[in-house]
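Q: My questions will all concern the structure given below.
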Amino acid sequence: MTTLPTHRRPSERDLSARPEHSPDSPLSVHALTVAYRRKPVLWDIEYEAPIGRLVAIVGPNGAGKTTLIRTCLGLIRPAAGRVEFWGQPYRRVRTRVGYVPQRESVDWDFPVSALDVAAMGRYAKIGWCRPVTRSHKAAAMHALGRVGMDRFATRQISQLSGGQQQRVFLARALAQEADMYFMDEPLAGVDAATERAIIEILRELRGEGKTVIVVHHDIQTVPEYFDDALLLNMRVVAAGPVSEVFTKQNLQATYGGRLTLLADAAEALARAGRGEIP
Amino acid sequence: MSDATYAFVSLDLPAALAGVLAALTCALLGNFLVLRRQALMGDAISHAVLPGIVVGFLIAGSRATWPIFLGAAGSALVAVMLIEALRRVARVEAGAAMGVGFSILFALGVLLIEQASARGVDLDAGCVLYGQLEYVNWYPVHDWGRFWTLEHITTGYQTATTTISPDTGLPILIKEGGLPRQLWMLAAVAIAAFTFVGVFYKELRLTTFDPALATALGFRAGLMHAMLMVLVASATVAAFEAVGSILVIAMLIVPAAAARVCTDRYAVQLLASLAFALAAGVLGYIAGAFAPAWVGFEGRALNVAGTMTLVAAVLLTGAIFLAPAHGVLWRGVRRRRLALSVAVEDVLAALYRGDESGDPSRVADLPASALTLKALSVLNARGEIGRAPGGGWRLHEPGRRRAASIVRRHRLWESWLVDEMGLRPDHVHETAERLEHLTSDAGALEPDLPPRALDPHQRPIPPDDDA
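Top line first, the protein sequences correspond to chains R and H. For the first sequence, numbering that gives the first Met the number 0 gives the first residue as 0, with consecutive numbering after it. For the second sequence, numbering that gives the first Met the number 0 gives the first residue as 0, with consecutive numbering after it.
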């Protein structure tokens with residue numbers, strides 16, 4: 000799927016040798032380096048996302064997964080490099096890119112209802128200083144329905160379970176009707192029913208030809224849930240279809256010696272290869 | 000116009016209006032500080048503007064509006080940057096950074112004031128803290144028809160004429176003129192604050208709740224925050240001369256905090272905070288200006304900014320206890336109701352099991368508490384149970400049906416815990432005892448369980464009457 004050789008780690012100044020990015024690609028990251036206080040967090044990231052695929056970003060804690068997403072969305076200024084969506088800078092395509100932040104990133108005691116939160120996905124379409132009209136509320140309600148949360152629309156958000164809160168966050172992104180999505184750990188700490196519901200939604204989005212890039216913490220379920228993987232540990236270790244990049248070698252390079260689940264992952268991969276997992 | 004009315008209109012009305020305007024403005028803006036968990040920022044800004052105010056005052060040589068305003072805005076900006084720098088460069092925790100930042104700037108302001116007053120400038124720290132509401136006066140002309148011209152309302156003191164009082168025959172000075180400058184400033188900032196919140200209603204909600212998503216969607220959270228800080232600084236400056244910074248700090252936090260315990264709705268939160276501020280302003284003025292005379296201290300008055308703040312604190316305390324959703328009182332009432340309904344169900348279940356085992360005295364197993372007695376008397380009054388001929392209690396028909404459904408839930412839960420969770424039969428009673436009160440019907444469990452007549456202890460599960 001991707002034009003990048005999976006194991007290549009281009010030398011820093013060798014930019015001319017790199018492949019040209021296609022303007023059709025929903026996301027292309029070019030020579031991206033991000034640093035906090037002179038300490039690099041992402042180093043020379045080169046990535047091109049395929050169209051209509053579910054992509055997992057995996058890597059150990061501190062690998063820069065969240066930083067990569069936040070930089071793509073213009074929330075962090077990179078030290079060097081470029082990010083383009085469909086060949087354009089992010090600020091031109093804001094409404095076409097949806098974002099589901101980590102659930103812990105907000106204060107769930109905030110006095111708003113589930114519907115209010117879902118409606119926030121419409122704000123970019125509504126524009127500055129205009130009120131949230133009935134049609135936008137209806138769209139938010141529809142999004143809540145897709146994640147099975149319409150019954151809780153008027154519920155204040157602190158009175159929802161963790162899984163329900165995560166679904167409301169997903170509904171907010173759906174309400175945006177974007178063409179591609181970033182999701183930061185949407186499956187972290189959710190119940191089994193919510194996990195199934197979220198995966199179902201991800202597959203629906205893929206069916207609509209949308210690319211969804213998901214930071215995922217559980218490498219065992221990557222082969223089951225995702226088409227592509229981006230193995231990240233400050234640098235891109237490997238990127239491409241899960242069946243190609245999810246090798247023991249790559250996982251070890253990503254997680255170093257810390258990976259105790261390696262055997263499980265390899266086994267999961269083997270099972271996926273035998274077609275035991277749909 | 001009588002003398003009493005004139006005194007009220009010229010002295011009390013403008014002062015009360017100033018206090019209420021300051022309270023409303025600060026309460027509205029304070030919502031966003033409290034919801035962002037940055038309540039201390041209001042405290043920080045309102046102290047940090049002091050050196051700017053003094054510098055503006057020294058440069059202009061008077062309490063003219065603009066130099067003081069610009070000075071204050073400048074030092075508010077310095078404060079925000081200093082706090083941010085402390086947080087980032089020195090890696091100090093946010094609250095501590097604010098504490099350090101504003102105390103440095105406030106101390107600087109106090110030293111500047113000291114130097115200024117040594118040179119005979121009329122400014123002191125006390126005025127900054129408590130304000131000087133007694134100087135917020137208005138002297139409307141005695142002839143109402145003449146007064147309602149724009150010129151009279153907008154400009155300062157117009158005339159001061161001497162006339163002979165018809166009552167006493169003594170000369171009195173009559174000052175006539177427009178509303179005091181302090182009121183204009185407060186009104187302008189109030190209009191700015193309400194316009195800001197009205198125009199950016201949904202943007203403020205988004206940037207306060209989820210600044211990252213807001214910025215990603217193009218609603219720059221940093222910009223909104225900066226505008227909010229400028230308005231907080233403006234409110235502080237407008238209010239400082241009239242009501243002082245104590246009232247500003249209190250009104251930035253207390254009404255919003257009181258509203259927060261009363262509601263879970265964003266719009267209601269904003270409106271409730273304004274209602275609390277209005278109540279604190281009006282009641283506080285009455286308590287400060289009139290109440291001392293009512294209790295016998297004729298001719299005495301309390302500092303109105305102080306009484307307004309205290310009234311706000313009383314309102315907050317009231318809200319914490321009485322608020323419908325999160326109030327301590329209602330939570331207590333709800334807990335008692337729940338405890339009683341659990342006790343009622345336990346009594347019914349005990350009587351049912353007593354009938355089952357042919358030993359009606361099983362009710363004696365229940366804790367001999369006031370709650371059990373209350374449950375018995377409630378059930379008796381409802382006719383669900385009645386006195387048994389030989390003493391004790393027995394179930395009447397409606398009570399028996401309800402008891403059967405409770406026992407059914409209990410035994411279904413026991414079955415589920417044994418079959419699905421793999422617990423040992425002698426370990427499940429306690430858990431089932433709790434779960435039976437939480438589920439209104441056991442229907443949700445049944446799909447997971449094969450049909451059965453007996454629970455893990457081989458006791459019959461009562462049939463579902465509704466089915």
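No residue lacks a Cβ here, since even glycine has one placed at the ideal position from N, Cα and C.
1) Quick check on R/His-215: buried or exposed, where buried means 16 or more other Cβ atoms within 10 Å of its Cβ?
2) So, is the C-beta of R/Cys-128 closer than 7 Å to a C-beta in chain H?
3) Could you give the DSSP three-state label for R/Leu-230: helix, strand or coil?
4) Determine the direct distance from the alpha carbon of R/Val-99 to that of H/Arg-204, and round the result to whole angstroms.
5) For R/Leu-231, which option in R/Val-244, R/Gln-219, R/Tyr-224 has the closest C-alpha, if you only look at C-alpha atoms?
6) Nearest-angstrom Cα distance between H/Tyr-156 and H/Met-184?
7) Any chance you could list the beta strand (DSSP E) runs of at least 3 consecutive residues sitting entirely within the region 137-215 of chain R, in chain order?
8) Would H/Ser-197 be called buried (16 or more neighbouring beta carbons within 10 Å of its own) or exposed?
9) Helix, strand or coil: which one does DSSP assign to R/Asp-43?
10) Please work out which residues of its chain come closer than 7 Å, Cβ to Cβ, to H/Ala-17, disregarding the five sequence neighbours upstream and downstream, and give them in chain order.
11) Could you give the DSSP three-state label for H/Thr-438: helix, strand or coil?
12) Go through its chain and collect everything with a Cβ distance to H/Gly-41's Cβ below 7 Å, but skip five positions before and after it.
13) Hey, could you find the ends of the beta strand (DSSP E) R/Ala-55 is sitting in?
14) Considering Cα atoms alone, identify which of H/Ala-255, H/Ala-93, H/Arg-90, H/Val-77 is closest to H/Ile-469.
15) Between H/Asp-11, H/Leu-178, H/Ala-288, H/Thr-207, which has its C-alpha nearest H/Asn-302's C-alpha?
16) Going by beta carbon distance, what residues of the same chain come within less than 7 Å of R/Met-148, once the five residues before and after it are set aside?
17) Which residues mark the beginning and the end of the alpha helix (DSSP H) in which H/Ser-356 is found?
18) Note the first and the last residue of the continuous beta strand (DSSP E) segment covering R/Tyr-98.
19) Chain H beta carbons: is any one of them nearer than 7 Å to that of R/Met-119?
20) For H/Tyr-284 and chain R, any beta-carbon pair shorter than 7 Å?
21) Does the beta carbon of R/Pro-110 come closer than 7 Å to any beta carbon on chain H?
22) For H/Pro-66, collect the residues of the same chain with a Cβ closer than 6 Å to its Cβ; drop the 5 residues on either side in sequence, then sort them by chain order.
23) For the pair the region 2-10 of chain H and the region 265-275 of chain H, tell me if three or more CB-CB distances fall below 8 Å.
24) I'd like the span of the beta strand (DSSP E) that includes H/Gly-385, first residue to last.
25) At a CB-CB cut-off below 7 Å, which residues of chain H make contact with R/Ala-123?
26) For the region 54-85 of chain R, which residues have a beta carbon sitting closer than 8 Å to at least one beta carbon of chain H?
27) Which residues, in chain order, does the region 153-182 of chain R contribute to contact with chain H at a C-beta distance below 7 Å?
28) Counting only beta-carbon separations shorter than 7 Å, does H/Leu-270 have a partner in chain R?
29) Spell out whether any CB of chain R is found under 7 Å from the CB atom of H/Arg-90.
30) Let's test the definition: count the other Cβ atoms within 10 Å of the Cβ of H/Ile-190 and tell me whether it reaches 16, buried, or not, exposed.
31) Going by alpha carbons, who is nearest to R/Thr-253 out of R/Glu-45, R/Asn-60, R/Leu-53?
32) Does the beta carbon of H/Phe-31 sit closer than 7 Å to a beta carbon anywhere in chain R?
33) Would you check if there are 3 or more beta carbon pairs closer than 8 Å linking the region 195-205 of chain R to the region 135-150 of chain R?
34) Which residues in the same chain as H/Leu-34 place their Cβ atom closer than 6 Å to its Cβ, once the five residues preceding and following it in sequence are excluded?
35) Return no unless some Cβ of chain R is closer than 7 Å to the Cβ of H/His-456.
36) Alpha carbon to alpha carbon, how far is H/Phe-193 from H/Pro-366? Give it in angstroms, no decimals.
A: Reading from the atomic positions:
1) buried
2) yes
3) strand
4) 17 Å
5) R/Val-244
6) Note that H/Tyr-156 has pLDDT 47, beneath the 50 cutoff, so the model's placement of it is unreliable and no number is given.
7) 179-183, 210-214
8) Note on identity: in this sequence residue 197 of chain H is Gly, with Ser being the wrong assignment. With fewer than 16 other Cβ atoms within 10 Å, it is exposed.
9) strand
10) Leu-132, Val-135, Gln-181, Leu-182, Leu-185, Ala-241, Val-242
11) coil
12) Gly-29, Leu-32, Val-231, Ile-248, Leu-251, Ile-252
13) 53-57
14) The structure shown does not extend to residue 469 of chain H, since chain H spans only 0 to 466, so no value can be given for it.
15) H/Ala-288
16) Ala-113, Gln-163, Arg-166, Val-167, Ala-170
17) 327-356
18) 96-99
19) yes
20) no
21) yes
22) Gly-55, Ile-58, Ala-59
23) no
24) 384-386
25) Leu-216, Gly-217
26) Arg-69, Leu-72, Gly-73, Leu-74
27) Gln-155
28) no
29) no
30) exposed
31) R/Asn-60
32) no
33) yes
34) Thr-207
35) no
36) 58 Å
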